[in-house]
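If you use our numbering, the sequence shown corresponds to residues 305 to 480, in order. The C-beta atom is built at its ideal place from N, Cα and C for all residues, glycine as well. Comments concern the structure below.
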Amino acid sequence: YLDVLLGAHEFEKSIDFTGIVWNDGRGNFNKHNNTRLPQHKKKWGTVPEVSAADLDNDGDLDIVYSRAGVLYVGTAIQIIENLGNKKFKDHGIFPLVEAPADFVATHEGNEWNDFIEDIRFRDLDKDGDIDLYLSSSMSPKTNGAVVINNGNFDFSLIMPPESYGLYEMLAEAATK
Numbered sequence: 305y306l307d308v309l310l311g312a313h314e315f316e317k318s319i320d321f322t323g324i325v326w327n328d329g330r331g332n333f334n335k336h337n338n339t340r341l342p343q344h345k346k347k348w349g350t351v352p353e354v355s356a357a358d359l360d361n362d363g364d365l366d367i368v369y370s371r372a373g374v375l376y377v378g379t380a381i382q383i384i385e386n387l388g389n390k391k392f393k394d395h396g397i398f399p400l401v402e403a404p405a406d407f408v409a410t411h412e413g414n415e416w417n418d419f420i421e422d423i424r425f426r427d428l429d430k431d432g433d434i435d436l437y438l439s440s441s442m443s444p445k446t447n448g449a450v451v452i453n454n455g456n457f458d459f460s461l462i463m464p465p466e467s468y469g470l471y472e473m474l475a476e477a478a479t480k
């Protein structure tokens, strides 16, 4: 049986659980059998997407959260390493789009409105580790962004339109 990986609107106290609810092995979930994962409520408290893949080739699933600010102002990703035995290490926030510090949103349809809605995993640079492809139907600023995994939880961010060149390079390499 699978466990449940959750992301929340951490700004709201009634639904602020971001973490894992563990299956008891028989398909049952006890709300007290859980692990809270690191939150970043102050700036990045909205979690629109949760994904998992083995980023360090150790056989367990590491976690990637898409994060956004209040009223979806700005977007970032958070990468959490699974150390095993229900232990995790937060590798922090990787901002993709940030609003100016003095910007105050009054509604969701603002010019800094952005979030990642799909995180895909593939070895884009063919070096043996999993890279991330980020998509957003909301924003050309982040749709198609690529996070290259350099190993040891060191990542390089390539934002659009530069990331589009990576796809062309990979397509050319595949035809040779």
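May I ask which residues mark the beginning and end of the beta strand (DSSP E) holding Trp326?
For the purposes of this step, residue 326 is taken as the residue at position 22 of the sequence shown. Note, Trp326: beta strand (DSSP E), 323-327.
Could you tell me which residues DSSP pairs with Ala356 in its beta bridges?
-> Counting from 1 along the sequence shown, the entry for residue 356 is found at position 52. Partner(s): Ile367.
Check your understanding: Leaving out the 5 sequence neighbours to the left and right, which residues in its chain are closer than 6 angstroms to Gly331 when beta-carbon positions are compared?
Key -> The residue given as residue 331 occupies position 27 in the sequence shown. Tyr305, listed in sequence order.
Task: Span of the beta strand (DSSP E), counted from its first residue to its last, around Lys335 - done: Residue 335 sits at position 31 when you count from the first residue of the sequence shown. 333-340 is the span of the beta strand (DSSP E), which, as asked, contains Lys335.
Since Ser439 sits in a beta bridge, which residues does DSSP pair it with?
Position 135 of the sequence shown, counted from the first residue, corresponds to residue 439. Partner(s): Asp422.
I think Gly511 touches Ser439, with their Cβ atoms under 8 angstroms apart; what is that distance to the nearest whole Å? This structure leaves residue 511 out entirely; the chain is present only between 305 and 480.
- Query: For Lys391, does the three-state DSSP call read helix, strand or coil?
  - Reply: Translated into positions along the sequence shown, residue 391 becomes position 87. Note: Lys391 maps to strand in three-state DSSP.
Could you name the residues that DSSP lists as bridge partners for Leu461?
Here residue 461 corresponds to residue number 157 of the sequence shown, with the count starting at 1. Leu461 pairs with Val451.
Return the residue from the list Ile384, Asp429, Glu421, Val377 that minimises the CA-CA distance to Asp406.
Numbered from its first residue, the sequence shown carries residue 406 at position 102. Residue Val377 is the option with its Cα nearest to Asp406.
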